[in-house]
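The next block holds one structure in the form of structure tokens; read it before the comments.
Structure below.
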């Protein structure tokens, strides 16, 4: 098993999991931040969504 | 003649469950009745508690064939055991959910990770209490406040704990309006609770259609262990947002969801037999679940407060607790607590952003846990 069945294993798993949760969800946030550009693609004449 | 009568009566008595009935069964029948009472009288998650409570009563009547191999409840449980029902629940949830608030305010998605510290506190607590690392992971996921995800992770890591964990997860989700507000008030000042937030931008149709496709790709690529759940959530949401398959979308949100809810609740309730449920570990799991919810609520609020240090336009920290998931209960709690301070402060739309992100936060935590623990 990758994670030892000990208290240290539980602590290490918790730290890694909590940290990676922020990384992955932060990455999702970055992807979502680019979504307004899709709206702009749908309406070519629309104003820059970031400046709006 | 008399002897034969006694013999027949004895034979008939052996066919009944009376001889196997013990006080534990009576306690669990009372628990099942209490669940049904709470559902009817207090409206605590009636769609879940009626089925769970009823199946719990039946499972504790020893003569019942329903829960034995070949019985209907046994087959209902196979839907859980084979991980078929939780993804189907997510299909329905996706078809009912508008992800607009999450797409509109991407900064707030970080709260979907911040509010999950409770998972890890419960995990370490469970390990300290002598549970195995797989059992601890399954207990920790109660703090994700996401029933299908808790079932999914538990069936994979510690299937013998499914009744305790699913009951704890759904019970605390129903009790969130009681658990969260004191923690939220304790960690915020009146001034912070009065913060009003701007209305987020309108989200276009193309964005809403792209969202489930992008999420399905990301989750299948980076989090394959929980991909079945999020993929079905994405499919349900795509059916809703495309606007050209209304029949399918409505079926997923209503017909499929209702049928699966009946089967799922019956399956969970049928595992609550006294022999497996009335143990010390049940009490430990129930306690750790409460700790997970309280710590998760606190960490969400604190994450929002930390974000405010760096933000020029402050966010109301009350929306931080919504990151725990449990859509839309936690978002509603944030909005209610804010309105208790200022009746004109409408936070529900802003709280829905972190609330929906919390679903992905739980999936990420569960996915990483499964990836690291399942190998054993």
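Chains as they are written, first to last, in our numbering: chain G, 1 to 52; chain F, 1001 to 1376.
All C-beta atoms in this analysis are idealised placements derived from N, C-alpha and C, irrespective of residue type, glycine included.
**Q.** residue 1346 of chain F - DSSP class collapsed to helix/strand/coil
**A.** coil
Q) DSSP three-state call for residue 1145 of chain F: helix, strand or coil? A) coil
**Q.** is_contact[residue 1006 of chain F, chain G] using C-beta, thresh 9 Å
**A.** no
**Q.** Touching by the beta-carbon criterion (3+ pairs, under 8 Å), the region 1274-1288 of chain F and the region 1127-1146 of chain F
**A.** yes
Q: Tell me, to the nearest whole angstrom, how far the beta carbon of residue 1391 of chain F is from that of residue 1321 of chain F; I am working on the premise that it is less than 8 Å.
A: Chain F is shown only over 1001 to 1376; residue 1391 of chain F falls outside these bounds and no answer can be derived.
(Q) Whole angstroms are fine: how far does the CA of residue 1086 of chain F sit from the CA of residue 52 of chain G? (A) Here the model assigns residue 52 of chain G a pLDDT of 45, short of 50, so the residue's position is not dependable, and the following value carries that caveat. Residue 52 of chain G and residue 1086 of chain F: Cα-Cα distance of roughly 41 Å.
Q.
Distance cutoff 9 Å, beta carbons only. Does residue 52 of chain G sit that close to anything in chain F?
A. Caution is warranted here: a pLDDT of 45 is assigned to residue 52 of chain G, below 50, making its placement in the model unreliable, and no coordinate value can be reported.
Q: Reducing DSSP to helix, strand and coil, say where residue 1071 of chain F ends up.
A: coil
Q | Residues of its chain near residue 989 of chain F, where Cβ-Cβ distance is below 6 Å and the 5 sequence neighbours each way are ignored | A | Since the first residue shown for chain F is 1001 and the last is 1376, residue 989 of chain F is missing from the structure and cannot be characterised.
Q: Can you grab the Cα-Cα spacing for the pair residue 1347 of chain F / residue 1034 of chain F, in whole Å?
A: 34 Å
Q. Quick one, which residues of the region 1207-1228 of chain F are near chain G if we go by CB-CB under 8 Å, in chain order?
A. 1207, 1210, 1211, 1214, 1215, 1218, 1222, 1223
Q. Nearest to residue 1177 of chain F by CA position, among F/1024, F/1326, F/1304, is which residue?
A. F/1326
Q | Same chain only: Cβ atoms within 7 Å of residue 1072 of chain F, ignoring 5 sequence neighbours per side | A | 1066
Q | Cβ-based contacts, 7 Å cut-off: residues of the region 1111-1130 of chain F near chain G | A | 1112, 1113, 1116, 1117, 1120, 1123, 1124, 1127, 1128
Q. Tell me which same chain residues have a C-beta within less than 8 Å of the C-beta of residue 1094 of chain F, skipping the five on either side of it?
A. 1212, 1232, 1233, 1234, 1235, 1236, 1237, 1238, 1239, 1240, 1252
Q: Measure the CB-CB distance between residue 1039 of chain F and residue 1267 of chain F and report whether it falls below 9 Å.
A: no
Q) From the beta carbon of residue 1307 of chain F, is the nearest beta carbon of chain G less than 9 Å away? A) no
(Q) Rounding to the nearest angstrom, what Cα-Cα distance links residue 36 of chain G and residue 1209 of chain F in this structure? (A) 13 Å
Q: For residue 1037 of chain F, count neighbouring Cβ atoms within 10 angstroms of its own Cβ and tell me buried if that reaches 16, exposed if not.
A: exposed
Q) Which bits of chain G does residue 1357 of chain F rub up against, with CB to CB less than 7 Å? A) 25
Q.
Applying the 10 Å Cβ sphere with the 16-neighbour rule, what's the burial state of residue 17 of chain G?
A. buried
Q.
If distances are taken between C-alpha atoms only, which option among F/1042, F/1031, F/1046 comes closest to residue 1258 of chain F?
A. F/1046
**Q.** Contact between the region 20-36 of chain G and the region 1101-1112 of chain F (3+ Cβ pairs under 8 Å)
**A.** yes
Q | CB contact below 9 Å: residue 1369 of chain F versus chain G | A | yes
Q: For the alpha helix (DSSP H) containing residue 1310 of chain F, list its first residue and its last residue.
A: 1280-1310
Q: List the residues of chain G that residue 1109 of chain F touches, going by C-beta distances under 9 Å, in chain order.
A: 25, 26, 28, 29, 32
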